Amino acid sequence: MATRSVVLDTETTGMPVTDGHRIIEIGCVELIGRRLTGRHFHVYLQPDRESDEGAIGVHGITNEFLVGKPRFAEVADEFFEFINGAQLIIHNAAFDVGFINNEFALMGQQDRADITQHCTILDTLMMARERHPGQRNSLDALCKRYGVDNSGRELHGALLDSEILADVYLTMTGGQTSLSLAGNASDGNGTGEGADNSATEIRRLPADRKPGRIIRATEAELAEHQVRLEIIAKSAGAPALWTQLLEAESQA
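Mapping to the UniProt record's numbering: the sequence shown position 218 is 218, numbers consecutive.
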């Protein structure tokens with residue numbers, strides 16, 4: 001079964017959570033098997049306290065705007081159902097997870113007050129720091145590095161940021177961040193004169209597109225592939241990453 005992931009972001013009245021700050025916006029988008037499904041969860045929340053001026057300067061969500069919005073308790077079940085059992089992909093996960101746990105704790109729902117018991121967490125900030133040590137790894141910096149369009153991000157917003165983070169995550173973990181098809185490149189990898197090595201803009205394929213024809217490998221091709229994997233594993237001193245992932249899934 002394909003992995004179900006939820007890319008998640010929150011906006012809050014300020015920080016830290018230990019000073020009584022609350023969540024005012026939650027935005028999530030769903031990925032299944034590294035594909036956006038179009039399903040999302042998005043809500044603005046009445047926090048029963050005012051936001052810090054500094055926080056409003058970041059996300060632009062005013063106290064007046066939140067009047068009449070639902071409280072977390074009113075959407076808690078729907079939200080939990082959306083994330084339950086998923087891999088949560090979050091940038092700076094400790095911040096968002098801490099606030100989410102606090103909201104459930106304030107409701108007295110101790111069984112949900114540690115979402116790591118119900119979801120696995122992938123922190124893209126930690127991932128980026130490992131891949132790009134000593135560099136800026138904010139969401140905006142990663143968008144620039146990986147060629148992800150964030151031109152609409154004048155202010156932070158939970159749903160917009162989760163959509164952008166989904167693009168960043170897919171690009172960052174896809175093994176290829178640009179595609180050069182310059183016809184006058186001097187070699188096959190597009191590094192010759194005239195090649196455009198800038199990252200291409202991510203384009204969404206239409207949901208109603210005609211599916212492509214599936215060409216399955218023959219038994220002989222599969223056998224040759226397995227031999228090749230064994231050669232690579234022997235040379236590298238470890239199995240290929242996808243082999244390790246398949247073994248981990250089979251043991252889960």
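The C-beta atom is built at its ideal place from N, Cα and C for all residues, glycine as well.
Note that the coordinates shown come from a computational prediction; the quantities given were computed from them, not determined experimentally.
Review point. How would you write the range of the alpha helix (DSSP H) that V58 sits in, first residue to last?
Key: Translated into the one-based positions of the sequence shown, residue 58 becomes position 58. Run containing V58: 53 to 59, per the alpha helix (DSSP H) assignment.
Point to revise | Alpha-carbon spacing of C143 relative to A220, whole angstroms | key: As a first step, residue 143 must be located in the sequence shown, where it is residue number 143. As a first step, residue 220 must be located in the sequence shown, where it is residue number 220. Cα to Cα, C143 sits roughly 42 Å from A220.
Check your understanding: Leaving out five residues before and five after G33 in sequence, what residues of the same chain have Cβ atoms less than 8 Å from its Cβ?
Key -> Your numbering for residue 33 matches position 33 in the sequence shown. Closer than 8 Å at the Cβ level, and outside the excluded window around G33, lie A2, T3.
Exercise for review: Work out the CA separation of L8 and D111 for me, nearest whole Å.
Suggested key: By one-based count along the sequence shown, residue 111 stands at place 111. By one-based count along the sequence shown, residue 8 stands at place 8. Taking the straight line from one Cα to the other gives about 21 Å.
Check your understanding: Run through DSSP, which three-state label would T37 get?
Key -> To locate residue 37, count along the sequence shown from 1; it is residue 37. T37 falls in the strand class under three-state DSSP.
Practice item. Let me know if L246 comes out buried or exposed under the rule of 16 or more other beta-carbons within 10 Å of its beta-carbon. Key: Counted from its first residue, the sequence shown places residue 246 at position 246. Answer is exposed; the Cβ neighbour count stays below 16.
Exercise for review: Quickly, what does DSSP pair I23 with across the bridge? List them, please.
Suggested key: Residue numbering aside, residue 23 sits at position 23 when the sequence shown is read from its first letter. Answer is T12, bridged to I23.
Point to revise | Meets three-Cβ-pair contact criterion under 8 Å: the region 144 to 153 and the region 38 to 52 | key: no
Point to revise | Per DSSP, the bridge partner or partners of I90 | key: Residue numbering aside, residue 90 sits at position 90 when the sequence shown is read from its first letter. DSSP output for I90 lists D123 as bridge partner(s).
Point to revise | Neighbour-count burial assignment, V43, 16 or more Cβ in a 10 Å radius | key: By one-based count along the sequence shown, residue 43 stands at place 43. V43 is buried by the Cβ-count criterion.
Exercise for review: Note the first and the last residue of the continuous alpha helix (DSSP H) segment covering R145.
Suggested key: Within the sequence shown, the letter at position 145 stands for residue 145. Segment 139 to 146, the alpha helix (DSSP H) holding R145.
Exercise for review: Measure how close the beta-carbons of N101 and I115 come, nearest whole angstrom, since I'm counting them as under 8 Å.
Suggested key: Counting from one through the sequence shown, the residue named residue 101 turns up at place 101. Counting from one through the sequence shown, the residue named residue 115 turns up at place 115. Their Cβ separation, rounded to whole angstroms, is 6 Å, which keeps N101 and I115 in contact under 8 Å.
Point to revise | Buried/exposed call for S5, threshold 16 Cβ in 10 Å | key: Taking the first residue of the sequence shown as 1, we reach residue 5 at position 5. S5 should be labelled buried.
Exercise for review: Grab the span of the alpha helix (DSSP H) containing A238 for me, first residue to last.
Suggested key: As a first step, residue 238 is located in the sequence shown; it is residue number 238 there, counting from the start. From DSSP, A238 is part of no alpha helix (DSSP H); its letter is neither H nor E.
Review point. So which of R35, Q117, I83, L229 has the shortest CA-CA distance to I26?
Key: Here the question's residue 26 lines up with position 26 in the sequence shown. I26 has its Cα closest to that of I83, out of R35, Q117, I83, L229.
Point to revise | Beta-carbon contacts of L160 that lie in its chain and below 8 Å, excluding the five residues immediately before and after | key: For the purposes of this step, residue 160 is identified with residue 160 of the sequence shown, where counting begins at 1. G27, G152, R153.
Review point. Hey, how far is the Cα of F72 from the Cα of D19?
Key: For this step, residue 72 is matched to residue 72 along the sequence shown. For this step, residue 19 is matched to residue 19 along the sequence shown. Using only the alpha carbons, I get a separation of about 18 Å.
Check your understanding: What does a CB cutoff of less than 7 Å around V17 pick up in its chain, not counting 5 residues either side in sequence?
Key -> Reading the sequence shown from its first residue, position 17 is the one you call residue 17. Counting only Cβ-Cβ distances below 7 Å, and skipping sequence neighbours, we find G98, F99, N102.
Practice item. Can you check DSSP and say which residues form a bridge with R4? Key: In the sequence shown, counting from the first residue as 1, residue 4 sits at position 4. Partner(s): I32.
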